[in-house]
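Here the structure comes first, spelled out in structure tokens, and everything after it is commentary.
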Amino acid sequence: TAVKKIVVLKGDYIGPEIMTAGLAVLDAATKDTTFSYELIDAPFGGDGIDRAGDPLPQATIDMLKQADAVLLSAIGGPKWDNASRRPEQGLLEMRSSLNLFANIRPTKVTQAQIDRSPLKPEYVENTDFVIVRELTSGAYFGRPRKLEAHQAIDTMYYSEKEVTRIMHKGFKMAQKRRQHVTIVDKSNVLATSKFWRKIANEVSKSYPDVTVDYYYVDAMTMAIMSKPATFDVVIIPNLFGDILSDEAAQITGSIGQIPSMSVGESGPNLYEPIHGSAPDIAGQGIANPISMVNTVAMMLMESFDEKRIANKMTQAVDYIIENHYVTPDMGGTMTTDEVTQKMVDYIKNDESADIK
Ligand code: NAD
Ligand code: IPM
Ligand code: MN
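Numbering (our numbering), first residue to last: 2 to 357.
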């Protein structure tokens with residue numbers, strides 16, 4: 002089997018702290034397996050500005066295109082907020098240049114996590130949905146876009162092709178899950194949303210096995226709090242998906258646990274936690290590494306079909322949550338390194354248990 006090329010974009014502020022953790026758990030989980038990989042470091046984001054003068058250097062783009070998968074931690078932060086090209090600009094350009102139009106963000110509350118949720122147990126029980134966020138169009142990319150002294154403009158744009166392909170992506174995922182899709186938009190006001198809903202309705206006819214419902218995004222922010230367990234696949238435009246996915250993360254107790262995957266029509270997938278670089282806690286050694294461990298596990302599962310290794314990693318996550326070996330954002334007192342070591346030890350012991 003060929004050596005898998007993984008481009009590692011280590012990120013800013015807490016980025017490198019959790020990337021180190023994720024890679025340590027990967028290393029432990031792949032010991033004594035035939036899976037072999039090469040990690041390729043490339044400058045990106047704030048780190049790209051510092052090391053190569055741009056958040057998305059051309060040399061990094063070239064490496065991305067040859068990769069089997071791209072692993073990213075979080076980028077951005079106050080250090081570069083006034084840069085002519087901010088780290089966030091590099092992230093948007095990377096998503097766009099790799100044509101990563103679908104961003105998959107899971108919200109799953111395991112038995113061990115129920116007590117950490119800010120919602121009452123009877124509300125969160127059995128919560129398991131995925132947000133399918135359109136990622137390369139909408140308000141983030143529409144033209145014109147202008148920031149002038151006395152006015153500013155953004156444009157929310159969607160083409161038929163862009164909406165159709167994200168709908169098919171979401172409906173196909175639903176067929177492999179619980180056969181339910183929720184379409185989110187603001188079609189009582191916005192033209193792009195009327196268009197979104199119309200195409201959703203047309204595409205749904207090709208999936209008679211999948212049930213569909215429709216929500217305005219404002220009502221949806223309430224519904225994911227009051228009945229999160231009723232959702233399966235949620236298909237949502239770019240900007241609304243950014244907002245709804247942070248809210249959904251909170252249902253699990255902390256955004257520091259949630260991975261994501263961005264996929265296109267071909268080429269490597271991009272894997273990244275949904276949260277940012279958390280400048281408020283950077284350098285303290287207390288960032289929650291779970292998001293990055295789950296992100297690496299998602300990559301093993303989806304890009305490399307390595308279910309056993311991925312399961313080992315997510316079992317290590319379950320183990321630390323069950324035993325409350327967690328960082329402060331989850332009500333614990335452990336450091337990033339201590340939590341990571343607990344996962345590594347769990348995997349090592351599990352291995353020796355296998356041999357017995
Ligand atoms: P953030 O997600 O970085 O932080 C929000 C809150 O969540 C903070 O209180 C933070 O401490 C906490 N948090 C996030 N991840 C955590 C973790 N792993 N462990 C413990 N706590 C965690 O959002 P923000 O503060 O609005 O943004 C900070 C920077 O990150 C900005 O520059 C923003 O543009 C950037 N950002 C980048 C990405 C990305 O790289 N994909 C995503 C979102 C935001
Ligand atoms: C995310 C982030 C990004 C987004 C920013 C950093 C550009 O918030 O990945 O959720 O808005 O998509
Ligand atoms: Mn976001």
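Glycine residues also receive a C-beta, built at the ideal position from the N, C-alpha and C atoms.
None of the values given here were measured: they were computed from a predicted structure.
Worksheet item: Run through DSSP, which three-state label would Thr35 get?
Response: Your numbering for residue 35 matches position 34 in the sequence shown. Coil at Thr35, not helix or strand.
Worksheet item: So, are the CB atoms of Lys1 and Asp48 less than 7 Å apart?
Response: No answer is possible for residue 1: the residues shown for the chain start at 2 and end at 357.
Worksheet item: Starting from Pro122 and walking both ways along the alpha helix (DSSP H), at which residues does that stretch end?
Response: As a first step, residue 122 must be located in the sequence shown, where it is residue number 121. Counted as a single uninterrupted DSSP element, the alpha helix (DSSP H) harbouring Pro122 occupies residues 122-125.
Practice prompt. Mind the definition here: the region 20-29 touches the region 49-66 only if three or more C-beta pairs lie below 8 Å; say whether that holds.
Written response: Inter-segment contact for the region 20-29 and the region 49-66 is absent: fewer than three beta-carbon pairs are separated by less than 8 Å.
Fill in: Proximity below 7 Å, CB of Pro290 to CB of Val218
Locating residue 290 in the sequence shown gives position 289, where the first residue counts as 1. Locating residue 218 in the sequence shown gives position 217, where the first residue counts as 1. Not closer than 7 Å, so no.
Item to complete: Measure the Cβ-Cβ separation of Ala84 and Thr61 and say whether it is below 7 Å.
Response: Mapped onto the sequence shown, residue 84 falls at position 83. Mapped onto the sequence shown, residue 61 falls at position 60. Not a contact, by the Cβ cut-off of 7 Å.
Worksheet item: In terms of residue numbering, what span does the alpha helix (DSSP H) encompassing Ser263 cover?
Response: What you label residue 263 is simply residue 262 of the sequence shown in a count that begins at 1. Ser263 -> not in any alpha helix (DSSP H); beta strand (DSSP E) instead, spanning 262-264.
Worksheet item: Who are the near neighbours of Ser278 in its chain, counting only those whose CB is closer than 7 Å to its CB and skipping five residues on each side?
Response: Along the sequence shown, read from residue 1 onward, the residue named residue 278 stands at position 277. Result list for Ser278: Gly12, Asp13, Tyr14, Ile15, Gly16, Ala75, Ile76, Gly77, Gly78, in chain order.
Discussion item. When you compare the region 164-172 with the region 124-136, are there three or more beta-carbon pairs, one atom per stretch, that lie closer than 8 Å?
Written reply: Judged by Cβ distances under 8 Å, the region 164-172 makes contact with the region 124-136, as three or more pairs qualify.
Discussion item. Measuring alpha carbon to alpha carbon, tell me which residue in Gln90, Asp346, Val297 is nearest Tyr38.
Written reply: Here residue 38 corresponds to residue number 37 of the sequence shown, with the count starting at 1. Measuring from the Cα of Tyr38, the nearest candidate turns out to be Val297.
Fill in: Run of the alpha helix (DSSP H) containing Val318, from where it starts to where it stops
What you label residue 318 is simply residue 317 of the sequence shown in a count that begins at 1. It spans 308-323 - the alpha helix (DSSP H) in which Val318 sits, taken as one unbroken run.
Worksheet item: Assuming Thr128 contacts Pro56 under a Cβ cut-off of 8 Å, what Cβ separation, rounded to an integer in Å, is found between them?
Response: Within the sequence shown, numbered from 1, the residue matching residue 128 stands at position 127. Within the sequence shown, numbered from 1, the residue matching residue 56 stands at position 55. In this structure, Thr128 and Pro56 do not form a Cβ contact; the two beta carbons are roughly 35 Å apart against a cut-off of 8 Å.
Discussion item. Taking only three categories from DSSP, how would you classify Ala175?
Written reply: Translated into the one-based positions of the sequence shown, residue 175 becomes position 174. In the structure shown, Ala175 sits in a helix (DSSP, three-state: H, G or I).
Worksheet item: In its own chain, which residues sit with a C-beta less than 7 Å from the C-beta of Ile282, not counting the 5 before and 5 after it?
Response: As a first step, residue 282 is located in the sequence shown; it is residue number 281 there, counting from the start. Residues Ile15, Ala288 of the same chain have their beta carbon placed closer than 7 Å to that of Ile282, with the five preceding and five following residues left out of the count.
Discussion item. Following a CB-centred definition, is Asn289 positioned closer than 6 Å to any heavy atom of ligand 4?
Written reply: Among the ligands modelled here, namely ligand 1, ligand 2 and ligand 3, ligand 4 does not occur.
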